[in-house]
Amino acid sequence: MCQFSTINEEVLIDTVSHLKSSTCSLDTLPTKFLKNVFYSISADILQIVNTSLMSGVFPNALKTAVVNPIEPKLCLTMTERFLCLLNSKVLGSCLRRPLLLNVGKRFEYNHWFDGMALMHRFHIRDGLVTYSSRFLQSDSYVQNLEKNRIVVSEFGTLAMPDPCKNIFARFFSRFQIPKSTDNAGVSFVKYKGDFYVSTETTYMRKIDPQSLETKEKVDWSTYVAINAATAHPHYGRDGAAYNLGNSYGARGYFYNIIRVPPAEGKKDGADLSGAEILCSIPAADPRKPSYYHSFAMSENYVIFIEQPIKLDLLKFMLYRVQGKSFHKVMSWEPQLDTVFHVIDRRTGQLSSTRYYTSAMFTLHQINAYEDNGYLIMDMCCGDDGNVIGDFTVENLRKAAGEELDKFYNSLCTNLPRRYVLPLEVNGEEPNDKNLISLPNTTATAVKTETGVFCTHENLYNDNLLEYGGLEFPQINYSHYNARPYRYFYACGFGHVFGDSLLKIDLEGKKLKVWRHPGLFTSEPVFVPAPDAKDEDDGVVMSVIITPRERKSSFLLVLDAKTFTELGRAEVPVDIPSGTHGLFNESS
């Protein structure tokens with residue numbers, strides 16, 4: 000028996016691209032199916048083919064060897080479609096995170112944050128776009144499918160009891176400590192050069208950004224003493240990553256600033272070694288700590304925003320007994336202040352100055368930087384924190400017309416604000432004095448008996464209100480994060496879902512808009528041009544969703560400077576609405 004030489008991926012791609020079209024069910028491997036899913040299973044095909052070649056046995060039933068084991072792993076909407084991007088200089092992959100909201104025929108998630116994570120990849124090369132998608136093979140996902148019900152509780156959905164247990168066993172199971180989900184449905188993140196998908200528990204999942212294959216489950220608590228961490232880390236110029244996590248125990252409840260050092264050589268497997276807690280901040284009320292989704296970071300400081308969305312820990316202990324989901328233990332308490340905790344990330348020292356403002360709610364920061372002794376923070380804010388519990392599936396599926404309009408009009412409008420914090424506060428300064436002397440800002444920071452009270456500057460003109468509020472802000476992160484900047488990009492919310500893309504020029508607060516009736520936008524992703532000279536040299540990408548039948552969703556590419564359309568890459572499948580994404584230029 001002969002032993003053949005192995006082939007590489009380039010040879011395999013060339014071979015598949017020259018296959019004649021066929022859909023005959025008698026074929027060993029129908030080429031139409033193969034081409035549709037090729038880029039998601041090429042690594043598996045290559046491994047099997049080369050194993051066969053090296054052994055001298057090439058399987059005649061390649062379908063049995065390759066397709067049958069792989070097909071269950073594929074998303075049913077897996078496809079590829081190529082369309083030219085006009086004048087495109089983009090090379091890399093845009094990764095996004097939509098969600099699946101149903102398990103089986105009878106069980107449905109209750110909240111937009113809860114669905115099973117579905118990863119999407121748009122690979123861009125030489126003006127061509129390849130699309131692929133894959134469900135995250137989390138423990139939660141696998142167990143849900145095996146049991147055909149929701150096994151692990153999520154943010155707004157309580158796990159369904161095991162129908163095989165008797166009524167007493169099901170009742171007492173509510174007193175057991177619930178499992179934390181590894182259904183990482185919020186964002187893609189990077190640590191030490193590796194890609195992970197993350198949610199707001201202690202678990203992340205490492206993934207292959209090329210094939211979207213699910214790798215190891217990573218438990219933050221094996222590296223640092225925390226109970227959960229955000230899905231929105233920040234990155235320093237040295238390659239270190241920073242995050243925020245909580246911990247609670249006999250000593251109380253703490254918010255912890257985490258630092259993960261840059262990589263020192265490539266290691267196999269997930270690696271968060273060297274992670275450390277820089278600073279632990281005690282909660283103002285240990286029994287009712289604050290909910291947070293992200294944090295801000297400048298060149299030298301980390302800023303944690305303790306807002307009056309409270310988690311009642313007593314209710315949290317009892318919520319399973321009462322049959323309630325996690326978000327039901329949260330409450331908006333507008334009589335309380337919002338506190339800005341400032342930590343020097345060089346030393347881990349928490350500032351002794353109490354910076355605070357009136358009650359406000361924020362999910363996402365835009366940028367933060369230092370300017371002549373002041374710390375400037377820009378963020379998307381609203382005045383009603385109840386909004387986080389409003390995005391239930393029931394509300395999102397309200398019929399069109401007055402009912403949906405009524406729901407939208409009840410929501411808090413998030414708008415961009417700027418807060419300015421003086422880093423040096425002289426104790427001899429009189430109370431009621433505004434400590435800000437920076438030009439070109441209307442923000443104030445007034446010394447009081449209890450600290451420094453900050454009022455914001457609005458970073459918009461009235462014309463923004465024509466497009467509703469805005470969320471999912473993005474900047475030229477790789478070059479301007481933690482530095483003075485001029486532009487940011489966001490989704491405009493003229494209704495319940497994003498329906499426009501916005502570019503805000505902070506010089507004059509000028510606005511540029513992309514909007515088409517009947518199309519829904521997702522978080523914009525900014526990609527700088529390779530030879531960029533200006534901050535807005537590059538493109539902005541967003542996945543556009545259409546609810547219309549026989550209309551394709553597509554990846555939209557805009558010129559970031561002019562905000563004019565460069566091209567679209569259509570995907571003839573249904574893409575569910577998601578949250579966050581990123582661009583991976585290394586792919």
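Take the sequence shown: its letter number 44 is residue 43 in numbering that gives the first Met the number 0, and every next letter is one higher. Each residue gets a CB set at the ideal place from its N, CA and C atoms; glycine is no exception. Given the structure is predicted, the values throughout are model-derived calculations rather than measurements.
#1: For the beta strand (DSSP E) containing Y300, name the first residue and the last one.
#2: When burial is assigned at 16 or more other CB atoms within 10 Å of the CB, is C379 buried or exposed?
#3: Put L363 into one of helix, strand or coil per three-state DSSP.
#4: Under 6 Å Cβ to Cβ from K164, same chain only, skipping five residues before and after it: list those, please.
#5: Does the beta-carbon of P288 have 16 or more other beta-carbons within 10 angstroms, so that it is buried, or is it exposed?
#6: How about N255 and S279: do their beta carbons lie closer than 7 Å?
#7: Using the three-state DSSP reduction, which class does S350 fall into: helix, strand or coil?
#8: Quick one: grab the DSSP three-state call for Q473.
#9: With H119 and S132 assumed to form a contact (beta carbons below 8 Å), what rounded beta-carbon distance in angstroms separates them?
#10: Can you tell which of G347, R417, A358 and D382 has its C-alpha closest to the C-alpha of Q364?
#11: Among the residues of its own chain, which have a CB less than 8 Å from the CB of S351, if the five just before and after it don't count?
#12: Go ahead and label G251 buried or exposed: buried means 16 or more other beta carbons lie within 10 angstroms of its beta carbon, across all protein chains shown.
#13: Using 8 Å as the Cβ pair cut-off and three pairs as the minimum, do the segment 472-488 and the segment 438-449 touch?
#14: Quick one: is E470 buried, meaning 16 or more other Cβ sit within 10 Å of its Cβ, or exposed?
#15: Would you be able to state if there are at least three C-beta pairs under 8 Å between the segment 489-503 and the segment 455-475?
#16: Where does K191 land, buried or exposed, given buried means 16+ other C-beta within 10 angstroms?
#17: Would you call G580 buried or exposed, if buried means 16 or more other Cβ atoms sit within 10 Å of its Cβ?
#18: Spatial neighbours of P232 within its chain, please: C-beta separation below 7 Å, excluding the five flanking residues on both sides.
#19: Measure from the alpha carbon of G566 to the alpha carbon of each residue in E584, M540 and V572, then state which is nearest.
#20: Taking the beta strand (DSSP E) that I342 belongs to, which residues open and close that run?
#21: Give me the Cβ distance between T596 and W219, rounded to the nearest whole Å; I'm assuming they're in contact under 8 Å.
#22: Exposed or buried, which one is N371 when buried takes at least 16 other CB atoms within 10 Å?
#23: By how many angstroms is the C-alpha of S139 removed from the C-alpha of S521?
#24: May I ask you to list the residues that DSSP assigns as paired with K205?
#25: Quick one: what's got a C-beta closer than 7 Å to L349's C-beta in the same chain, skipping five residues either side?
#26: Please determine, among V556, K560 and P571, the residue with the shortest C-alpha to C-alpha distance to G126.
#27: Quick check: N366 and Y484, are their CB atoms within less than 7 Å of each other?
#28: Determine the burial state of D237: buried for a count of at least 16 other Cβ atoms within 10 Å of its Cβ, exposed for fewer.
#29: Distance check for L463 and I166, CA to CA, integer angstroms please.
#30: Considering just the uninterrupted stretch of the beta strand (DSSP E) at K446, what are its terminal residues?
#31: Quick one: Cα of G537 to Cα of V419, how far?
#32: Identify which residue in N430, D336, K314 and S246 has its Cα closest to the Cα of V328.
Let me lay it out:
#1: Y300 to E305
#2: buried
#3: Reading off the sequence, residue 363 comes out as His, not Leu. In the structure shown, H363 sits in a strand (DSSP, three-state: E or B).
#4: Unreliable placement is indicated for K164, whose pLDDT of 45 sits below 50; the coordinate value is still reported in the next sentence. Result list for K164: empty, nothing under 6 Å.
#5: buried
#6: yes
#7: coil
#8: strand
#9: 5 Å
#10: R417
#11: none
#12: exposed
#13: no
#14: buried
#15: yes
#16: buried
#17: buried
#18: V188, A240, Y241 and N242
#19: M540
#20: T337 to D343
#21: The chain is shown only over 0 to 586; residue 596 falls outside these bounds and no answer can be derived.
#22: exposed
#23: 25 Å
#24: Y195
#25: C278, I280, H340 and I342
#26: V556
#27: yes
#28: exposed
#29: Any reading at I166 is ruled out, since the residue's pLDDT is 41, under 50, leaving its predicted position unreliable.
#30: T443 to T447
#31: 29 Å
#32: K314
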